[in-house]
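Novice: So that we are looking at the same thing, I have put the structure below in structure tokens.
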Amino acid sequence: MTTPRSVALERLAYTLTAPVLAVAPNLYPDHPVNQVVQLAGAAGLGGWVLAAKSDAHGAGRKILRWSPLVLAAAVDIAAGHTGGFGPYGLDGLLAAGWAATGYLVMPFSRHTRRRHRPALAAPAPAPQLTPAEAPEPSPAVPDDGADLLTRDARKLWEQAGMPGRTHIVKATRHTGMQHDMTILLRASETGRPITGLTEAAVAAPFGVHSSDVILAEVAIQPGRQGGPGWMEARITPDANQRRRKAPTDQERWVDKVGSPKGGAPGSELVHTTRDDERGVTFYRAKMADSTETPRIDLAKVCRGLKLPEDDSCVFVLVDGAEFLISVFDSPPLSQIFRATRELLTPDAKGMYVCGFTTTGQPVKTMVYQHDKNAPAHGLTLGVSRSGKTQFFAIHMAAQSLDGEVVWLSTVRKDEKTTVLGRYIDRQGSNALWMARSLRAAKALCEIRAEMPWPHDGQPHDYKPGDPRCPYRQLNVYGDEFMTAAQDAEFGEFIQKDGEDLTVTGLKYGIGFNPAGQSPFAHNGFSTEMKDNLRQNSRPVIFNMGSPGATRKAAEGTMENAYDVPTIPARYSRTEGSAIERAMRGEADPENGVSTGGVAVIVLDNGRAVLMRSLYADFDTDLSELFPDEVNRLTDHEISELEKRGLWFDWNEPVRPGEFWPEPDEDEDNDGEGRSRRRGGGKGSGRGSKGGSRRSEQVASPRQALEAIKSLTDA
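Under my numbering, the sequence shown has 786 at position 315, and the numbering climbs by one with no breaks.
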């Protein structure tokens, strides 16, 4: 065995330096050689201090490495402070001892090399192994001064066979945790992506469950690579144990709501807010991918967050990729919002407050369309006792406060419509009255088309809010319109004139407001009529008898079917467990309070909002809501209607020839005239339409053209 070259050079340095350390301080005290030796010793002391303060592995080896410089400076200083070479040649003995110590220990040549193996003079030839016997090269990287946690993790990783052919670069313990840590992995072969590494493969070496391991990509950072060749594994057994026992709102959302099988997959909780004054907790969330649309199963979300599945206290509001879940302590829509003149007075754009949402926000609807420079139609749907007439009252009050004329017709007489008749221009309660009101409104279109405006003497289209307009906006209401449209005698006239009014009425300041229990064609609504009502109003849908029917009716009034809120039959809090009540033989709790007055309003952007409409108390005086004077038609309009035989008491019986031609005297014997006069059969009804048009007076070119069309069946 030969001496390595580094050892021989170091020993030679000690041999040559020892005489200099003994002689130079005594013969040349001020020589620069002494200053160089002392500066080298000071550098060695600095190395000792840094090594002692460092927590890294190998501090003792670093101290021993710097020791020759420190000891040389000590020998130089001692020789400089003794007289001559000192007693018994002490300076020479110290220098010789320093050389002998370095000669045997050799700090630089030995301790700068890790895992020292003596070099051989001539390497022995390595035995030739067959390919089957050749061992695989170890992918482990030599020790790079890593901390104790990283080295221990590497040992476990190497014992597991380097899963995924990866190497642990660094292991970092989580703050305040005993076992939780994050390990940074990279592929053993440079340029190869990490493939085949699973949570179970990472969990096995550390003895944790695979659910406690999360694999994540590593972002490229300054000074560190990233990409497919790197991966980060978070091992969190302690945190997951606490998470299973007492999860936070954020953790519960990730596990139960935003997971692929949760109530809102792909979503993230933004924050949770509690409003004690209003008794509501808000969960604001958004989609992780802003291009996705939330798919929310509200009942599943409630179960995931351990909330009561109560459709009267839990509501969701979707806004693009974000949504808000409101959880109330008590049903927010069970309270009453009384109507006041201040709320019902329209603003400069024709908008007024018609109700409030679950979050307490005011909901506005319109008496005219400011952006379209036209009146507004109205569409109100709902079953009996759902709140339609209450909504009529506040809507009519808002229109009256705006100076508009209101006509109300219903199929049957009731208390509320009779009370409303005191504050509006005209009101009636049968199909004949509705047919006459629609026919008069249709004739007003022709009258107003020829009415000159005072500023230039020329007729113009209606402009809401224009003080130069010679007439007021007219709003024609048809309650239970679908029932009236199926009337045996006058249904055909009601349906036809109502459809014409929705198409042509807006140009002449006439808005049509039908109400009923269905918005579909087979119940009296044609597609053309429904489209015009939908585009020129904010439809209001009260309870339609079931949540499914309410959603269907709301979707029938929307261009695109958004999520429609649910209106239950009654607001009843969920009390206890139905299973436990069944086992004990107890009765279910009471129904609760009615949802009358709760409606879905479709706003301009097609979004359906749940609201509680304002309440008008018919047991009190409604004069506080309506103006002091009733708005009427102008004298010119009334005189023109009288000329056409359309302005009289519409409660009178049918006048001869009013809707169909009177039969000839020769036809009285066979009874055919009676069947035609009474609308006997569908065929006679359709035939009477032409006769009714022919019997009307022709007072304008427009009427003459319509008469010609009816004669030629054009």
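Even for Gly, the Cβ is constructed at its ideal location relative to N, Cα and C. As the structure is a computational prediction, the values presented were derived from the model and not from experiment.
#1: Looking only at DSSP bridge pairs, what is Phe983 linked to?
#2: Please determine, among Gly700, Gly667, Asn711, the residue with the shortest C-alpha to C-alpha distance to Asp651.
#3: Could you tell me if Ser1008 is buried or exposed, where buried requires 16 or more neighbouring beta carbons within 10 angstroms of its beta carbon?
#4: Between Asp950 and the rest of its own chain, which residues show a CB-CB distance below 6 Å, the 5 nearest in sequence each way excluded?
#5: Let's test the definition: count the other Cβ atoms within 10 Å of the Cβ of Ser1253 and tell me whether it reaches 16, buried, or not, exposed.
#6: Can you tell which of Asp747, Asp782, Lys641, Tyr754 has its C-alpha closest to the C-alpha of Pro1018?
#7: Measure the CB-CB distance between Ser871 and Phe1089 and report whether it falls below 8 Å.
#8: Indicate whether the contact test is met: 3 or more Cβ pairs, each with one atom in the segment 857-864 and one in the segment 1060-1077, closer than 8 Å.
#9: Going by Cα to Cα distance, which pick from Arg625, Leu1117, Glu875, Val725 is closest to Thr816?
#10: Which residue wins for smallest C-alpha separation from Thr743, given the options Pro731, Lys732, Thr719?
#11: Buried or exposed, going by whether 16 or more other CB atoms sit within 10 Å of the CB of Asp1120?
#12: Use the C-beta contact count for Ile981: other C-beta atoms within 10 angstroms, 16 or more gives buried, fewer gives exposed.
#13: Going by DSSP in three states, Trp628 sits in which element: helix, strand or coil?
#14: On the DSSP bridge assignment, give the partners of Val789 in chain order.
#15: Quick check for students: name the residue ranges of the alpha helix (DSSP H) that lie wholly in the segment 1017-1081, counting only runs of 4 or more.
#16: For Leu740, tell me which candidate among Ile796, Asp790, Pro699 has the shortest Cα-Cα distance.
#17: Can you give me the Cβ contacts of Tyr754 inside the same chain, cut-off strictly under 6 Å, excluding the 5 residues immediately before and after it?
#18: Cα separation between Glu963 and Asn1014?
#19: Just verifying my parser: in three-state terms, what is the DSSP assignment at Ala511?
#20: Say whether the segment 922-942 touches the segment 893-910, bearing in mind that this needs 3 or more beta-carbon pairs closer than 8 Å, one atom from each stretch.
#21: In angstroms with no decimal places, state the Cα-to-Cα distance between Trp1131 and Leu903.
#22: Taking all protein chains shown into account, decide if Met758 is buried (16 or more other Cβ within 10 angstroms of its Cβ) or exposed.
#23: Do the segment 1071-1090 and the segment 803-821 touch if we need at least three Cβ pairs shorter than 8 Å?
#24: Note down, in chain order, each residue of its chain lying with its Cβ closer than 7 Å to the Cβ of Leu1074, except the 5 sequence neighbours on either side.
#25: Would you say Glu703 and Thr661 are within 8 Å of each other, going by their C-beta atoms?
#26: With a CB to CB cut of under 7 Å and the five nearest residues on each side skipped, what residues in its chain are close to Asn1122?
#27: How would you label Lys727, buried or exposed, when you count the other beta carbons within 10 angstroms and need 16 or more for buried?
#28: Judging by CA-CA distance, which residue of Leu627, Val640, Glu629, Glu917 is the nearest neighbour of Lys1114?
#29: Can at least three beta-carbon pairs, one atom from the segment 631-647 and one from the segment 665-676, be found at a separation below 8 Å?
#30: Classify Val673 as helix, strand or coil using the three-state DSSP reduction.
#31: When the distance is taken between beta carbons, is Arg1005 closer than 8 Å to Asp968?
#32: Which partner residues of Phe1097 appear in the DSSP bridge assignment?
#33: According to DSSP, is Tyr754 part of a helix, a strand, or is it coil?
#34: Based on the DSSP output, what are the partners of Ser738 in its beta bridges?
#35: Check the C-beta distance from Ala914 over to Leu1117 and give it rounded, since I have them as a contact under 8 Å.
#36: Could you pull out every residue in the same chain whose Cβ sits closer than 6 Å to the Cβ of Arg625, ignoring the five residues on either side in sequence?
Specialist: To lay it out plainly:
#1: Val947
#2: Asn711
#3: buried
#4: Thr881, Ala986
#5: Residue 1253 is absent from the structure shown; the chain starts at 472 and stops at 1185.
#6: Asp782
#7: no
#8: yes
#9: Glu875
#10: Thr719
#11: exposed
#12: buried
#13: helix
#14: Phe794
#15: 1018-1026, 1049-1055
#16: Ile796
#17: Thr743, Ile796
#18: 28 Å
#19: helix
#20: no
#21: 13 Å
#22: buried
#23: yes
#24: Arg1009, Val1080
#25: no
#26: Gly899, Trp904
#27: buried
#28: Glu917
#29: yes
#30: helix
#31: no
#32: Note: Phe1097 sits in no beta bridge, so no partner.
#33: strand
#34: Met758
#35: 5 Å
#36: Ile639
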